[in-house]
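Undergrad: One structure coming up, written as structure tokens, with questions to follow.
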Amino acid sequence: MFTIYGHRGLPSKAPENTLAAFEAAAKVSGLKWVELDVAITKDEKLIIIHDDFLDRTTDMIGEVTHMYYDEVKQASAGNWFHSQYKNERLPTFDEIITFANNHKMNLNIELKGVTGDNGSDLSESMIRQVTEKLKKLNSDSDVLLSSFNLVLVKLAQQFMPQYKRAVIFKAAAFTGDWRTLLNYCGSNIVNIEDAKLTKNRVRSIKNAGYELNVWTVNNKMRANQLSNWGVDGVFTDKADELVHLNS
Ligand code: G3P
Ligand code: CA
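Structure, rendered in structure tokens:
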């Protein structure tokens, strides 16, 4: 089995992490999974955005955890990409659930590490809300929860043990204690950065019995090579070009 994940939707065709990008991904025939990034505002509302700050992907500036939901919902999340997307807003988590139900899509929900001095409380609030909101997801949609942040993966284990969990690693952060980290939060899935990933490393992770997904792979030959090495899936910005590798 080899799985293609539409990383932040289909960001090569529409602004990342917007409903337009997820709808574009849903139109890719054969694509079953999208990845998205969940963050939380100062007033504890879930919002879909990759960065800690609005600056790169909206027409506003500011740190998400220092801003109120009503403020961040004013931002255009698409004008930076093309004026035709100027009315795109940062999606809410409820909108993502509706999207998944409408299209029978599976969700890889990346739980973003919370910045600021109220991080512990906001982290738990995020997990509690994701837990509650996922109750509205139809049972024919699958879920993979993931994070770089072990506290969040551990909380996910506590609140949503029914869902698969992955720990995300940057290449440089993948050190010899990786199994200890995964065991700590009851995960058997490694989501690792592609940079300098070798066949030997793939083999050692797979031989240890873990599922292994790689991000972010936009090159067809590289995706094929990883598949041949036994990798279980790749996250790509170009799901439309790689979807035929799904098996
Ligand atoms: O989960 C894979 C990937 O999304 C992690 O990196 O920075 O794109 O969220 P990033
Ligand atoms: Ca992500």
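Oh and the sequence shown: position 42 is 41 in numbering that gives the first Met the number 0, straight run, nothing missing. Even for Gly, the Cβ is constructed at its ideal location relative to N, Cα and C.
Spatial neighbours of Val27 within its chain, please: C-beta separation below 6 angstroms, excluding the five flanking residues on both sides.
TA: Here the set comprises Ala238, Asp239, Val242.
Undergrad: May I ask you to check if the CB of Asn190 is nearer than 6 angstroms to at least one heavy atom of ligand 1?
TA: yes
Undergrad: From Ile191 to Tyr162, what does the alpha carbon distance come to, in whole angstroms?
TA: 19 angstroms
Undergrad: Determine, using beta carbons only, whether Glu210 comes closer than 7 angstroms to chain C.
TA: Note that chain C does not occur in the displayed structure, where there is just one protein chain.
Undergrad: Quick check on the DSSP output: what are the complete alpha helix (DSSP H) runs of length 4 or more inside the region 181-207, in order along the chain?
TA: 198-206
Undergrad: I'd like to know if the region 25-40 and the region 117-127 are in contact, where contact means that at least 3 CB-CB pairs between them fall below 8 angstroms.
TA: yes
Undergrad: Determine the closest residue to Lys198 out of Trp228, Ser11, Gln83, Ser119, with distance taken between C-alpha atoms.
TA: Out of Trp228, Ser11, Gln83, Ser119, Trp228 has the C-alpha closest to the C-alpha of Lys198.
Undergrad: Measure from the alpha carbon of Lys219 to the alpha carbon of each residue in Phe147, Thr235, Lys41, then state which is nearest.
TA: Thr235
Undergrad: Could you give the distance in angstroms between the alpha-carbon of Gly8 and the alpha-carbon of Phe98?
TA: Looking at the two C-alpha atoms, the distance is approximately 11 angstroms.
Undergrad: Specify whether the region 7-24 and the region 69-83 touch according to this definition: at least 3 beta carbon pairs, one from each stretch, less than 8 angstroms apart.
TA: yes
Undergrad: Could you check whether the Cβ of Asp54 sits closer than 6 angstroms to any heavy atom belonging to ligand 2?
TA: no
Undergrad: Pick helix, strand or coil for Tyr68, following the three-state DSSP scheme.
TA: helix
Undergrad: In whole angstroms, what is the alpha-carbon distance linking Arg88 and Asn101?
TA: 19 angstroms
Undergrad: Is the closest heavy atom of ligand 1 to the C-beta of Ile251 under 6 angstroms?
TA: Lying outside 0 to 246, the shown extent of the chain, residue 251 is not represented and no answer is given.
Undergrad: Sorted by chain position, which residues of the same chain lie with C-beta nearer than 6 angstroms to Leu144's C-beta, five sequence neighbours on each side aside?
TA: Ile108, Ala155, Tyr162, Arg164
Undergrad: Do you know offhand how far Ala222's Cα is from Phe173's?
TA: 20 angstroms
Undergrad: Starting from Thr97, follow the beta strand (DSSP E) in both directions and report where the run begins and ends.
TA: That residue, Thr97, is in no beta strand (DSSP E); its alpha helix (DSSP H) goes 92-102.
Undergrad: Might you give, ordered along the chain, the residues of its own chain that have their beta carbon closer than 8 angstroms to the beta carbon of Leu196, omitting 5 neighbours on each side?
TA: Ala170, Val213, Leu225
Undergrad: DSSP has Asn212 in a bridge; who is on the other side?
TA: Looking at the DSSP assignment, Asn212 forms a beta bridge with Asn190, Gly232.
Undergrad: How many Å lie between Ile96 and Ser246 at the Cα?
TA: Note on geometry: alpha-carbon atoms of Ile96 and Ser246 lie some 25 angstroms from one another.
Undergrad: Please identify the residue among Ser138, Ser146, Val142, Met104 whose C-alpha is closest to the C-alpha of Val113.
TA: Ser146
Undergrad: Closer than 6 angstroms by C-beta to Lys44: which residues in its own chain qualify, once you throw out the five before and the five after it? Chain order, please.
TA: Tyr68
Undergrad: For Thr0, which residues from the same chain have a beta carbon less than 7 angstroms from its beta carbon, with the 5 sequence-adjacent residues on both sides left out?
TA: In the sequence as presented, Thr is not what sits at residue 0; that position holds Met. Closer than 7 angstroms at the Cβ level, and outside the excluded window around Met0, lie Asp231, Ser246.
Undergrad: Between which two residues does the beta strand (DSSP E) holding Val150 run?
TA: Element bounds for Val150: not the beta strand (DSSP E) but the alpha helix (DSSP H), 149-158.
Undergrad: Which of the three DSSP states is assigned to Val129 in this structure?
TA: helix
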